[in-house]
């Protein structure tokens, strides 16, 4: 058996790592340049050389007899050296625009906009769905007469996906009556179950290893059986998260054969053409042959998770290509050369091996490689979309004013939010009578159980006149698709524009066992350098967070102190440094006092929602991030006075990062967190089954990547904003982690310049204004601190200097609350930061 000689390092890496499988000379030379100049190249090369050439028992790879050739299994030492060496290389690759659509892709979020009013029949159409995990959805339709769904979808990630359907009746899976199997002829029935049915496979619509492919979307047609009232479309393939063989296996085996192995073979033989490769992707006989060869995934009892799956693939792929795919092998050899498969076979397991090393590195060391360098491992293996005949409703929002309309004309803006998607309508409004109402219609609204509504009226100078928030419960009737919602508007007395300044109007004090807002208290002069250090008694060491829950008018804040002697929450050990959480009332602080009498060794966080923008379920209310477990866990917060419930066992979601910098709550039932240390954005769907978050962004400068994030917030329309210290900008994302071109044609709001600016916090008001708190010149004097305000489209409005605080929250009427560096002695003798109220004044 021939044992191939060792590769040079750049080809070794390109062949081993899936997202560096390139076929064009230009892109390959760019990647090779990053590899050749990597700071860890010499050490990595020495690691390879020190192990010697491949042999059956030693070397940088182990030679395993496959008959005519030897499979090369990368050694444990080689695989262990990959993550640390690849990290800077792949970060560079992911930030190089010349490599877009070769090594990585960017998926833009849907820009909120109006949808047409639906046809008042049993049929409906949804023009847009939120893109997710590399999929972009076109029109979604339901034909009421045929009871048939059609879904247009494009796969914008270089991996195959298996498509399955699960039919439901009253929320429970059923075996569909009259179902005819869609499995290709000869494919074993293990690929589906009694209730989960194979529908099709989804090929990539983006270049695969630099090979151009068709960008034409696929239309799925699904007939609803008589014994079902809804259908769940399930997409499965290689990714991160829970491994479900029933729905993931088809996408996995097709990805590793067609998207990884075939391009690797092309690199070692005669280059293949895009037309030939596209023909291979569309060949039903080849697909059936690959699926049949992949049935070992079901029978191998050792495959229990993503890591063990990748290990099995690394072992079996060379033999599969040589022995189990005669049709595919014949077509490859006819195109690329008679020995092309045999020459490449020793290396075909390398993509699976290196991906496994990243999975294991993530588990062991919290490696950044998932989010920064591997789009494949940055998305979940399995995800779905549920549709029902009542999926769409028509919503009629009737704007009312108890005080009439004391203006001749205005412009209205009404935004609704549901299931992570937003519609918005705006137009001129000229009432003919003070008692007139205004009806705004939204068609094809997804009937997901709840719709948040936010309305605003502006005058000709774009000054806010009135506003209101509300919600709709959705329709429970399969025939009545019209939901009418009255919404009362309250006049706004405040607008923020050019020249607006914010003035401190009150400061929190504690006296006589009562908190109160003191309008006569002198303004705190403390700055950042005032806290910390060594001194007698208890002192502030860190100001963590300030959050506002508008529905209950509650302010929550988190801070850390040293020298308190507080016991650890859930333990008996006194803490040298303890972190605390506390709530007070926005109007009357003491009436809503909520406290703890212990401390956390690691910082907790608060995630409080905004009313009227989501259903009454997981997307509103409040949570605290409990840091006491292996992973930070989200637990419920109620807003009645009294102690926080620290004994509850239910976890509604877990974050991967232990070094969180900020958290926020999305109205459609998600929580998101950012990490300054690791430059990550992670998002988790809130659920009592404690799901683990998905990493949605990692370090970088291009759209979709972030650098040193310090804060995260959510706009009234449901857009996620991240404040980046490293890039001096605010970046917009949708709830699926896609960058949204919210600021003109870009997802970026580049911040106003300042001398050595250090960004402290980010907040968005209910009217949509964006507030950024920062300091410059080291923050040693009060005048170094400033509060910048931007309009919803990113236009700079105004700056107020002297806002010497660490964190902010913004309420109705553009009221700004600050968490100050100055300390007070509060409840139970705790040392805690003071708070201030700032009001806009021209």
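Residue numbers (our numbering): 1306 to 2147. Quick reminder that beta carbons are idealized off the backbone N, C-alpha and C, glycines included.
Asked	Found
So which of 1898, 1967, 1908, 1965 has the shortest CA-CA distance to residue 1943?	1898
Thinking just about the alpha-carbon of each residue, which of 1390, 1951, 1867, 1554 is nearest to the one in residue 1844?	1867
Is residue 1323 buried or exposed, if buried means 16 or more other CB atoms sit within 10 Å of its CB?	buried
Where residue 1306 and residue 1361 are concerned, what is the direct C-alpha to C-alpha distance, given to the nearest angstrom?	Confidence at residue 1306 is low in this model, with a pLDDT of 37, below 50, so the placement of that residue should be treated as unreliable; the coordinate-derived value is given next. Their backbone Cα atoms lie some 11 Å apart in a straight line.
Quick check: the stretch 1386 to 1397 against the stretch 1483 to 1494, are there 3 or more CB pairs under 8 Å?	no
Apart from the five residues just before and just after residue 2104, which ones in its own chain have a Cβ nearer than 6 Å to its Cβ?	2091, 2093
Helix, strand or coil for residue 1567, going by three-state DSSP, please let me know.	helix
When you compare each of 1618, 2029, 1746 to residue 1790 by their alpha carbons, which one comes out closest?	1746
Counting only the same chain and skipping the five closest in sequence on each side, list residues whose C-beta sits under 7 Å from that of residue 1368.	1308, 1359, 1360, 1361, 1375, 1377
With C-beta atoms as the reference, is residue 1350 less than 8 Å away from residue 1545?	no
Which ranges would you report for the alpha helix (DSSP H) in the stretch 1521 to 1590 if only whole runs of at least 4 residues count?	1550 to 1559, 1567 to 1573, 1579 to 1586
Based on Cα-Cα distance, which residue from 2111, 1733, 1762 lies nearest to residue 1862?	2111
Kindly indicate if chain D contains any beta-carbon less than 8 Å away from that of residue 1373.	Annotation note: the requested chain D is absent from the structure, which comprises a single protein chain.
Span of the beta strand (DSSP E) holding residue 2091?	2090 to 2095
Assuming residue 2061 contacts residue 2087 (C-beta within less than 8 Å), just tell me the rounded distance between them.	With a Cβ gap of about 17 Å, residue 2061 and residue 2087 do not count as contacting.
Work out the CA separation of residue 1363 and residue 1436 for me, nearest whole Å.	47 Å
How many Å lie between residue 2067 and residue 1906 at the Cα?	26 Å
How many whole angstroms separate the CB atoms of residue 1872 and residue 1903, which I take to be in contact at a CB cut-off of 8 Å?	5 Å
Find the nearest neighbour of residue 2040 within the set 1413, 1331, 1393, judged by alpha-carbon distance.	1413
If you follow the alpha helix (DSSP H) that residue 1382 is part of, which residue opens it and which one closes it?	1381 to 1399
Identify every residue that forms a DSSP beta bridge with residue 1462.	According to DSSP, which records beta bridges pairwise, residue 1462 is partnered with nothing at all.
Which residue or residues does DSSP assign as beta-bridge partners of residue 2063?	2080
When you compare only the Cα positions, how much space is there between residue 1894 and residue 2126?	19 Å
Please classify residue 1521: is it buried, with 16 or more other beta-carbons within 10 angstroms of its beta-carbon, or exposed?	exposed
Among 1993, 1971, 2020, 1900, which has the Cα closest to the Cα of residue 1951?	1900
Quick check: the Cα distance between residue 2079 and residue 2137, rounded to an integer number of angstroms?	21 Å
Compute the beta-carbon to beta-carbon distance between residue 1452 and residue 1529, rounded to the nearest angstrom, for a pair I have assumed lies under 8 Å.	4 Å
Could you say which of 1775, 1743, 2085 lies nearest to residue 1757 if we only look at CA atoms?	1775
Excluding sequence positions up to five away, which residues of its chain have a Cβ less than 6 Å from the Cβ of residue 1487?	1503, 1504
My guess is that residue 1454 and residue 1692 are in contact by the Cβ rule of under 8 Å, so how many angstroms apart are they, rounded?	5 Å
What residues in its chain sit with their C-beta under 6 Å from that of residue 2024, if we drop five residues either side in the sequence?	2037, 2045, 2047
In the structure shown, what three-state DSSP assignment does residue 1988 receive?	strand
List the endpoints of the continuous beta strand (DSSP E) containing residue 1502.	1501 to 1507
Rank 1998, 2013, 1997 by C-alpha distance to the C-alpha of residue 2004 and give the top, closest one.	2013
Who are the Cβ neighbours of residue 1556 in its own chain at under 6 Å, not counting the five residues just before and after it?	1465, 1466, 1467, 1541, 1542
For residue 1832 and residue 2085, what's the separation of their Cα atoms in angstroms?	6 Å
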